[in-house]
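There are 8 protein chains.
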Amino acid sequence: MDLNVYLSGEIHTDWRQRLKEGCDAHNLSIVFTSAVTNHEASDSAGDILGKEDDNFWRDHKSAKVNAIRTKTLIENCDVAVVRFGNKYKQWNAAFDAGYCAAMGTPYITLHDEDIVHPLKEVDSSAMAWATTPEQVIEILKYVLTKA
Amino acid sequence: MDLNVYLSGEIHTDWRQRLKEGCDAHNLSIVFTSAVTNHEASDSAGDILGKEDDNFWRDHKSAKVNAIRTKTLIENCDVAVVRFGNKYKQWNAAFDAGYCAAMGTPYITLHDEDIVHPLKEVDSSAMAWATTPEQVIEILKYVLTKA
Amino acid sequence: MDLNVYLSGEIHTDWRQRLKEGCDAHNLSIVFTSAVTNHEASDSAGDILGKEDDNFWRDHKSAKVNAIRTKTLIENCDVAVVRFGNKYKQWNAAFDAGYCAAMGTPYITLHDEDIVHPLKEVDSSAMAWATTPEQVIEILKYVLTKA
Amino acid sequence: MDLNVYLSGEIHTDWRQRLKEGCDAHNLSIVFTSAVTNHEASDSAGDILGKEDDNFWRDHKSAKVNAIRTKTLIENCDVAVVRFGNKYKQWNAAFDAGYCAAMGTPYITLHDEDIVHPLKEVDSSAMAWATTPEQVIEILKYVLTKA
Amino acid sequence: MDLNVYLSGEIHTDWRQRLKEGCDAHNLSIVFTSAVTNHEASDSAGDILGKEDDNFWRDHKSAKVNAIRTKTLIENCDVAVVRFGNKYKQWNAAFDAGYCAAMGTPYITLHDEDIVHPLKEVDSSAMAWATTPEQVIEILKYVLTKA
Amino acid sequence: MDLNVYLSGEIHTDWRQRLKEGCDAHNLSIVFTSAVTNHEASDSAGDILGKEDDNFWRDHKSAKVNAIRTKTLIENCDVAVVRFGNKYKQWNAAFDAGYCAAMGTPYITLHDEDIVHPLKEVDSSAMAWATTPEQVIEILKYVLTKA
Amino acid sequence: MDLNVYLSGEIHTDWRQRLKEGCDAHNLSIVFTSAVTNHEASDSAGDILGKEDDNFWRDHKSAKVNAIRTKTLIENCDVAVVRFGNKYKQWNAAFDAGYCAAMGTPYITLHDEDIVHPLKEVDSSAMAWATTPEQVIEILKYVLTKA
Amino acid sequence: MDLNVYLSGEIHTDWRQRLKEGCDAHNLSIVFTSAVTNHEASDSAGDILGKEDDNFWRDHKSAKVNAIRTKTLIENCDVAVVRFGNKYKQWNAAFDAGYCAAMGTPYITLHDEDIVHPLKEVDSSAMAWATTPEQVIEILKYVLTKA
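Residue numbers (the numbering used here), protein chains in the order written: chain A, 1 to 147; chain B, 1001 to 1147; chain C, 2001 to 2147; chain D, 3001 to 3147; chain E, 4001 to 4147; chain F, 5001 to 5147; chain G, 6001 to 6147; chain H, 7001 to 7147.
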């Protein structure tokens, strides 16, 4: 059994890295995918098509270019991991979770206990809530190898 | 032409009321629906099935009971209006927007200019971004009557 | 808000009746539907098309005739209530729950605590687990009227 | 022609083993998949995310973690074989059958004659009813090689 | 419970009439729909758009105009009754049955016993095989009223 | 039988009016819908949300607001009539035809013979090609009344 | 570009063989699939699960076992070729065409001119009508190589 | 990450060639597909099945044969690039864009600024508007490599 796992959300900590390394250490057959996580590159993606003076349209263009990547990757994944950090709004992570829920794609949330209440709708459609990348690694290992 | 419009997001201001009254004033043929917006009733919806000591499971139970309502209403709506206020995380609003995007249901966002950047993914899949309920009323009036 | 609620499972107790009467007492706008619950009529539904000597084919014919009804009703419902009693196998109830899960139709399970373990897969995809019809009535009342 | 075959249901006899060995003996091009069939591992899958005191929530967590695996495998299979043994409730097997029926995925049931009547709804949507793993092997061999 | 029933196939006997009258006699809440059953009108439907010299294109145009009607009606029906008479090829009836099968729409076949063998694929996806309109009436009556 | 018919394309001639009046004259049970056909209102629809200096974004905003209307109407229609006049590009009409084709919604094209060649892909997925509104009226009359 | 082509219909002439050899001769990258075309093997497929005295049920069982194969292959194909010979009813071929039409799978019909009229509904949803296997080979060659 | 990119529209300039070469130069993992772009071959595709005197039917036959190719390729692509040149109607390009929009397939438009207004509906559903093949190359490079 192979899995295609999409990693959504927080880009300011090393959770993606820890997750990949942990799964590699167990030789799990997983392809990980992600949005472009370089913040500046992501914000300026639309500039390729010409600069915009208005911030709304600059964001709009960049978000659409990024969506070419993320939409394709989310629709192709078997499972998503959606990470909510302690800073920033991360509405795009919640948006991805809603997208997965509507598609019937299972997802795992990854966040601290102190934001359980505001994430209750997002968590209630998830297949699991983890607080550490290591727990996610254990779940993926269980899913893939405990036949 | 009739419309079924789902109102998602912020529950602490009167935007739903202003929207409904404004549309009524124009005799627009719209049915508005919403999640349960009474905060306490919503948080304790799961208590009907027995109290929980653990906060996570209390939220989980309540969120699932609420989802019986919201999932049915979102899947039946023609258009959603998703409101992001200046307080609170409102991840459920972004979740609803992602759900609509995956379903192909058009939605309008309603929020101030200062949160344009964190909402860029949510806005880029929306059909319109409004800053006041009155703009949403004008759009619905246009959509319904400007044949 | 109206609901179309499909009642699946146990046919030997009065839970359907209690549910309907309880919802009527609250004037809830619900249409309840069900398989044919007259056991003998249901078992002999296929006899209309000619008697069968072989029990397997008699059951097969009747089950298919019944499916004309149940498939139509399940696909049209907004919510299902799936009841597991203390007797009988009730595999058809679990089958209906799996059908709803695949369709994305929310369902509520109704069963005693002592069969929680064998029903864990069925319950984990449900939106709620109730132990009494009265709890289901309260949930439906909440869903329909607590706007 | 290759087939991806999901094996659902009873975990206390060697039917999966016999099926795989029999198909191997005929060099059939089949990938077999399954839920985690180690009963204890399956029941404790959710403990990875923290222990639960309440049995319902322990089952709930484990069932959801297991569903990451089973949902992915069922949605990817071409055919399912659903086995009902003489012991246990096996509502999850009937649930899987209902899921397949709604998805339009063909499935074969495997059970003794004495439970034909309670399984009539499950059997009537199946493509075949077998009483021995050897019959299933013959069917798969026919499907794959009798061009 | 109401039903929308599409009547497909043979146009040279009075089976549609008998079916409608029989259901009316039982006050069943059924809307019956059908292709245009006037043979000449149906064959010349495309002539509205200009005459064709070539028979293939005349048939092609008329068949497409008729499909505006039949596609809409088949996709809206709850159940189809597909009638195979003893004369003519009636490939359009088998085509409609295949269309229903792919859509997951239940259908009942209506034909004599002597064509069971050539209709085995069509019958094996049907919910019932009847030999007389009266049997179909009894089934529809059972489905609608035996709650 | 009722029909919901969406009228797409050319806005500078009276074809919509002739079509509606002709169908009314035959008492056909049809609801006709359309995009906003007032050219100026349509072009400035986005101005409700604030003026744009850049023509591309002004068009973008207006087109999205208009899509709230058109997407809803096209997805709800049974049949579309797509009109290509002799002037203007009318790429939106071809876009609507492609949208219908992908949705499986039958559509009728309405255009002169001299543009048959550039419209061959659009026509080849259509159910009929008409050259006058009167022919479309005759087809709709046939579809609705020639049972 | 590769194609997966399903060959449906007539089993008493060598059209499948001619088609495969002709495509091989052009080195076209095509995987051809088919139902079991050995008539006796196909008719007795259900006997694996126990003999039936009643012809209807024998056909029923065999047809369902065969459908495990055909349903999987049809749903996986890119294009179907549906052959109607001059003998036999071939309702299964028309059934397959209807199935393809509902799935949106393109198909080519292959039949003589004298049965154009009874096949008009089947042909009108087809992408092409050919009278010889050689024409089908030319079309497949064009589709695959004329970039 | 790999991409399957469908190139739709204008066939009289070298934009396809420039796009492919540019992506090759960056070693991007892309499979490009296209309709048959040899104009004469495309127009005469239907002649394989017999010549037609009537231009409409000649175009109709050829367009349907071409659709076997284009429908398969569009439904398999991850992203489409839709090119509108300064000459010709190119309704088929707008048709493809509408098809993609209904399928939820992201597409990029490629056209000069002077046709922004007539393309506003097509552009407003696109993920990006480019004016040169080089911009499209940059976007594809960003999407594929800027992880």
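Note that the Cβ used here is the ideal one computed from N, Cα and C, for glycine as well. None of these values were measured; they are calculated from a predicted model.
Item	Value
For G:Arg-6016, which residues in the same chain have their Cβ closer than 6 Å to its Cβ, ignoring the five residues on either side in sequence?	Leu-6007
With DSSP as the reference, please indicate the residues paired to A:Ala-128 in a beta bridge.	A:Ile-108
Anything in the segment 3071 to 3101 of chain D with a Cβ closer than 9 Å to a Cβ of chain A? List those residues in chain order, please.	Lys-3071, Thr-3072, Leu-3073, Glu-3075, Asn-3076
Which class does G:Asn-6055 belong to by DSSP, given the choice of helix, strand or coil?	helix
Is it buried or exposed, D:Asn-3066, if we count other Cβ atoms within 10 angstroms and call 16 or more buried?	buried
How long is the line joining the alpha carbons of A:Glu-52 and B:Ile-1115, rounded to whole angstroms?	18 Å
The beta strand (DSSP E) that contains E:Val-4081, what's its start and end?	4079 to 4083
Pairing CB atoms from the segment 5097 to 5104 of chain F with CB atoms from the segment 7096 to 7112 of chain H, are three or more of them under 8 Å?	yes
Can you name, in chain order, every residue of its own chain whose Cβ lies under 6 Å from the Cβ of C:Arg-2083, other than the five neighbours on each side?	Gly-2009, Glu-2010, Trp-2015, Leu-2110
Taking C:Asn-2027 as part of the beta strand (DSSP E), name the residues at either end of that continuous run.	Premise fails: C:Asn-2027 is in no beta strand (DSSP E) and is neither H nor E.
Just to confirm before moving on: does the CB-CB distance between A:Lys-146 and D:Val-3036 stay below 8 Å?	yes
Please determine, among G:Glu-6121, G:Thr-6132, G:Thr-6131, G:Ala-6130, the residue with the shortest C-alpha to C-alpha distance to F:Met-5127.	G:Glu-6121
Among the residues of its own chain, which have a CB less than 6 Å from the CB of C:Thr-2033, if the five just before and after it don't count?	Tyr-2006, Leu-2073
So what's B:Gly-1098 in DSSP terms, helix, strand or just coil?	helix
Name the residues in the segment 7052 to 7069 of chain H whose C-beta lies less than 7 Å from a C-beta of chain G; which are they?	Lys-7064, Val-7065, Ala-7067, Ile-7068, Arg-7069
So what does DSSP say about A:Leu-7, is it helix, strand or coil?	strand
For F:Val-5031, I'd like the list of residues in its chain whose CB is within less than 8 Å of its CB, leaving aside the five on either flank, ordered along the chain.	Asp-5002, Leu-5003, Asn-5004, Val-5005
If E:Gln-4135 sits next to C:Leu-2140, beta carbons under 8 Å apart, how far is it from one beta carbon to the other, in whole angstroms?	That belief does not hold up - the Cβ atoms of E:Gln-4135 and C:Leu-2140 are roughly 39 Å apart, past 8 Å.
Do you know whose CA, among F:Ser-5062, F:Pro-5118, F:Glu-5040, lies nearest H:Ala-7094's CA?	F:Pro-5118
Does the Cβ-Cβ distance between A:Ser-124 and B:Ala-1041 come in under 8 Å?	no
To the nearest angstrom, report how far apart G:Asn-6076 and G:Asn-6092 are at their CA atoms.	18 Å
Does at least one heavy atom of the ligand MN sit under 7 Å from the Cβ of G:Ala-6102?	The ligand MN is absent from the structure shown, which contains no ligands of any kind.
With a threshold of 6 Å on Cβ separation, who are the neighbours of G:Ser-6029 within its own chain once the five nearest residues in sequence on each side are excluded?	Asp-6002
Could you check the C-alpha separation between H:Phe-7155 and E:Phe-4056 for me, to the nearest Å?	The requested residue 7155 of chain H does not occur in the structure, where chain H is confined to residues 7001 to 7147.
In this structure, how does DSSP classify A:Ser-42 when only helix, strand and coil are distinguished?	helix
Report back the beta-carbon spacing between F:Ile-5068 and B:Val-1079 to the nearest angstrom; my notes put them in contact at under 8 Å.	6 Å
Does any residue of chain D bring its CB to less than 8 Å from the CB of G:Leu-6049?	yes
So, for F:Asp-5112: in the same chain, excluding its five sequence neighbours on each side, which residues have a beta-carbon less than 7 Å away from its beta-carbon?	Asn-5086, Thr-5131
Please check if any C-beta of chain C sits within less than 8 Å of the C-beta of E:Ala-4025.	no
Are the C-beta of D:His-3117 and some C-beta of chain C separated by less than 8 Å?	yes
Residues of the segment 1109 to 1139 of chain B in Cβ contact with chain A at a cutoff of 9 Å, in chain order, please.	Glu-1113, Ile-1115, Val-1116, His-1117, Pro-1118, Leu-1119, Lys-1120, Glu-1121, Val-1122, Asp-1123, Ser-1124, Ser-1125, Trp-1129
With a threshold of 8 Å between beta carbons, is C:Thr-2033 in contact with chain E?	yes
At the 8 Å Cβ level, is C:Met-2001 part of the contact set with chain D, yes or no?	no
Which residues bound the alpha helix (DSSP H) around D:Leu-3144?	3133 to 3145
Does any residue of chain G have a CB that is nearer than 8 Å to the CB of H:Asn-7004?	no
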